[in-house]
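Below is one structure, written out as structure tokens; comments come after it.
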Amino acid sequence: MSSDISDSPWIDSGPPSKLAFVAAPTPTARTGLERLVSRYGNCAPADAEVVVCLGGDGFMLETLRSMMDHDVPVYGLNCGSVGFLMNPFDEDGLQKRLKQSQSAILHPLHMRATCEDGSIHEEDALNDVFLFRQTRQAAKIRIDIDRRERMPELICDGVLIATPAGSTAYNLSAHGPIVPLSGNLLPLTPISAFRPRRWRGALLPSTAIVTFTILEKEKRPVAAVADSTEIRDVVEVTVQENRERSVMVLFDQGQTLSERIITEQFSA
Numbered sequence: 001m002s003s004d005i006s007d008s009p010w011i012d013s014g015p016p017s018k019l020a021f022v023a024a025p026t027p028t029a030r031t032g033l034e035r036l037v038s039r040y041g042n043c044a045p046a047d048a049e050v051v052v053c054l055g056g057d058g059f060m061l062e063t064l065r066s067m068m069d070h071d072v073p074v075y076g077l078n079c080g081s082v083g084f085l086m087n088p089f090d091e092d093g094l095q096k097r098l099k100q101s102q103s104a105i106l107h108p109l110h111m112r113a114t115c116e117d118g119s120i121h122e123e124d125a126l127n128d129v130f131l132f133r134q135t136r137q138a139a140k141i142r143i144d145i146d147r148r149e150r151m152p153e154l155i156c157d158g159v160l161i162a163t164p165a166g167s168t169a170y171n172l173s174a175h176g177p178i179v180p181l182s183g184n185l186l187p188l189t190p191i192s193a194f195r196p197r198r199w200r201g202a203l204l205p206s207t208a209i210v211t212f213t214i215l216e217k218e219k220r221p222v223a224a225v226a227d228s229t230e231i232r233d234v235v236e237v238t239v240q241e242n243r244e245r246s247v248m249v250l251f252d253q254g255q256t257l258s259e260r261i262i263t264e265q266f267s268a
């Protein structure tokens, strides 16, 4: 997922007054929802100027997926644990914070997965697309970039391609690089690679078309996951950025997603 970043407030008019609140099914988020709705009112997401999401990063990703193509920005209030995509929860001065917030327009990755039975599944992912072995045996995967073979055989637990925003999530845990939003790069990272043992992955241009072909598919079955959607028994998976879809995310001043990604690279 690449992004179009703005360093100025996303809105030129007055504070938004039509807010839609959505909340994760947790006690903290539900309590926050009741307090905010009683104070600021509530409307349907389709009629809102801003959708305010209460929860953690997982629920935020669900909300962002649901709001893609609706031209309504999403502002997250952290009621979870990490909250990398969220802003600090504070029910005071919400409309002022929204007016002064800064935006990032995010584009997802598009996954096209072909399964052993011939069925084709297509999903978009705002975080990452990864392949993972389904059994105790390591997967064997060939990797083509822009229809040119680059890795004849990767023996591994799996492999992932992340968006810049998703580069701080599973990709980072798999020892992949953090990618700035403005870099127009996609990190390709192996998961527990056995051969080639020292291959650490690659940084690809955001225009790249990545094709994963499963080798020895009957003996070594593989699943593909686009964010939270899992497809089993895949034989070929193609991933590329989908510039035709987008969603706008809002962040408090000085706490933009670009700033958080830079900060993460200097944290212990």
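Residue numbers are given in this note's numbering: position 256 of the sequence shown equals residue 256, and the series is strictly consecutive. A virtual CB, placed ideally from N, CA and C, is assigned to each residue, including glycine. Note that the structure is a prediction, hence the values are computed from the model and not measured.
Cutoff 6 Å; reference residue i; Cβ partners in own chain excluding five residues on either side
i, result
"Gly-254", "none"
"Asp-144", "Thr-211"
Backbone CA spacing between residue i and residue j [nearest angstrom]
i, j, result
"Asn-78", "Cys-43", "21 Å"
"Leu-54", "Leu-215", "43 Å"
"Ala-48", "Phe-21", "9 Å"
"Pro-88", "Glu-218", "48 Å"
"Asp-146", "Arg-245", "21 Å"
"Met-60", "Ser-119", "30 Å"
"Leu-36", "Val-72", "19 Å"
"Met-1", "Asn-127", "Any answer about Met-1 is weak, because its pLDDT of 46 lies below 50 and its placement is not dependable; what the coordinates show is given next. Those two C-alpha atoms are separated by around 8 Å."
"Ala-29", "Arg-142", "43 Å"
"Leu-33", "Arg-136", "44 Å"
"Pro-27", "Ser-81", "14 Å"
"Lys-99", "Pro-16", "7 Å"
Residue i and residue j closer than 8 Å at C-beta
i, j, result
"Val-222", "Met-111", "no"
"Gly-158", "Ile-191", "yes"
"Thr-256", "Gln-102", "yes"
"Leu-64", "Val-247", "yes"
"Val-163", "Leu-109", "The amino acid at residue 163 is misidentified as Val; the sequence shows Thr. Against a cut-off of 8 Å, the Cβ pair of Leu-109 and Thr-163 comes out as a contact."
Under the three-state DSSP convention, the category residue i falls into
i, result
"Asp-120", "Residue 120 is actually Ile in this sequence, not Asp. Ile-120 falls in the strand class under three-state DSSP."
"Gly-80", "coil"
"Arg-97", "helix"
"Pro-187", "strand"
"Arg-260", "helix"
Chain-order list of residues whose beta-carbon lies under 7 Å from that of residue i (same chain, five-residue window excluded)
i, result
"Thr-168", "Phe-84, Ile-178, Ile-261 and Glu-264"
| request: Ignoring anything shorter than 3 residues or poking outside the segment 142-181, list the beta strand (DSSP E) runs there in chain order. | output: Correct list: 148-162.
| said: Which complete beta strand (DSSP E) runs does the segment 29-85 hold, if anything under 3 residues is left out? | reply: Segments of the beta strand (DSSP E) lying fully in the segment 29-85: 50-55 and 74-78.
| Whole runs of the beta strand (DSSP E) within the segment 194-257, excluding any shorter than 3 residues | Counting whole runs of 3 or more residues, the segment 194-257 contains the beta strand (DSSP E) stretches 202-205, 210-215, 222-226, 229-231, 234-241 and 247-251.
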